[in-house]
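Under the working numbering, the first residue of the sequence shown is numbered 1, with each subsequent residue one higher.
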Amino acid sequence: MTISGRINQLYDEAKGNRWFHYFAVFCRVMLALGFIPSGFVKVMGERFASGLSVNHPLGHYLEALYHTESYYTFIGISQLVIALLLLMPRTALLGALMYFPIILNICILAYAVRFEGTRITTLMVLANLYLLCWDYDRIKYILPVKQDGYSAREKPLSNKFPLLFFGCVFAMIAVVIVINQFLYDIRPGNSLIECTNGCAGNSNPKACEEFCDCIHNRGKPLHECLIDYKKANRTNQ
1 MTISGRINQL YDEAKGNRWF HYFAVFCRVM LALGFIPSGF VKVMGERFAS
51 GLSVNHPLGH YLEALYHTES YYTFIGISQL VIALLLLMPR TALLGALMYF
101 PIILNICILA YAVRFEGTRI TTLMVLANLY LLCWDYDRIK YILPVKQDGY
151 SAREKPLSNK FPLLFFGCVF AMIAVVIVIN QFLYDIRPGN SLIECTNGCA
201 GNSNPKACEE FCDCIHNRGK PLHECLIDYK KANRTNQ
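This is the structure:
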């Protein structure tokens with residue numbers, strides 16, 4: 001059997017299982033809920049993540065985005081429209097396709113500025129990928145994989161619980177959490193207090209406190225504060 005044929009067979013089995021349907025609905029609802037509050041805030045003209053310091057690396061970005069005015073509103077409207085598309089079965093695929101580049105961009109941004117939301121944005125990307133895979137039969141023709149003419153068969157939904165699949169889901173969540181726990185030796189935190197609270201477990205608490213001051217009080221760029229932090233660590237070695 002070809003790779004395409006095997007993929008189609010696995011997809012057919014998943015489509016014939018009720019639990020995979022439930023999980024697709026769950027992902028759609030959760031992703032929609034992730035965009036509705038943030039989209040509403042932008043449409044109302046309020047600053048998103050208002051509790052985040054302007055001096056925070058992500059705060060710099062959000063503050064600049066806020067002052068784009070009509071573009072800021074456009075993003076909010078787009079998020080609300082995409083959330084609505086996800087909630088309606090007939091337009092769920094269109095919503096998932098529009099959602100993906102946005103959430104992927106947000107995820108990369110979160111990692112770039114060492115934001116605390118890297119875990120949730122990573123899980124949102126994975127949930128979005130699941131939805132795209134769920135509609136594989138509708139998007140497979142644009143993929144660079146040779147198709148063998150396989151068509152899904154209509155059959156009653158199975159109630160068998162896919163233990164292996166959901167075991168992999170929980171394992172993936174655990175991997176994302178663990179990797180993010182040890183990915184960076186220091187993060188700016190969402191506030192000065194949150195940043196300094198993490199200094200107790202740092203290998204160089206004084207350098208950590210100076211890093212927090214550099215970010216939250218002096219408002220210097222992240223890369224400059226990281227350079228000073230690394231220099232302080234090398235000095236004390």
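Glycine included, C-beta positions come from ideal geometry on N, C-alpha and C.
Please read these numbers as outputs of a predicted model, since none were measured by experiment.
- Pairing Arg187 with Arg119 gives a Cβ-Cβ distance that is not under 8 Å.
- Counting the other Cβ atoms within 10 Å of the Cβ of Arg28 gives 16 or more, which makes it buried.
- For Asn217, DSSP records no beta bridge to any residue.
- The shortest C-alpha to C-alpha distance from Gly189 to any of Ser158, Trp134 and Gly117 is the one to Gly117.
- Per DSSP, reduced to three states, the secondary structure at Asn55 is coil, with no helix or strand assignment.
- The closest CA to that of Tyr229, considering only Lys220, Cys208 and Asp213, is found on Cys208.
- Look at Ser158 here: in three-state DSSP terms it is strand.
- Taking a 10 Å sphere around the C-beta of Pro221, we find fewer than 16 other C-beta atoms and assign the residue as exposed.
- Around the beta carbon of Met88, a 10 Å sphere encloses fewer than 16 other beta carbons of the protein chains shown; the residue is thus reported as exposed.
- Non-local beta-carbon contacts of Cys195 in its own chain, meaning distances under 6 Å to residues more than five positions away in sequence, involve Pro188, Gly189 and Cys212 in chain order.
- Just so you know, the alpha carbons of Trp19 and Pro162 end up roughly 7 Å apart.
- Every unbroken stretch of the alpha helix (DSSP H) spanning 4 or more residues and falling wholly within the segment 82–144 is given here in chain order: 92–112, 118–134 and 136–139.
- In the structure shown, the three-state DSSP call for Asn17 is strand.
- Judged by DSSP in its simplified three-state form, Asn8 adopts helix.
- Around the CB of Pro57, 16 or more other CB atoms lie within 10 Å, so the residue is classed as buried.
- In this structure, the beta-carbon distance from Gly76 to Phe100 does not fall below 8 Å.
- The DSSP-derived three-state label of Met44 is coil.
- Counting C-beta pairs closer than 8 Å gives three or more between the segment 95–112 and the segment 124–143, which meets the contact rule.
- DSSP places Glu209 in the helix class (H, G or I) of the three-state scheme.
- In the DSSP assignment, Asn197 falls within the unbroken alpha helix (DSSP H) covering Leu192 to Asn197.
- Contact annotation: Ile103 and Met124 have beta-carbon atoms nearer than 8 Å.
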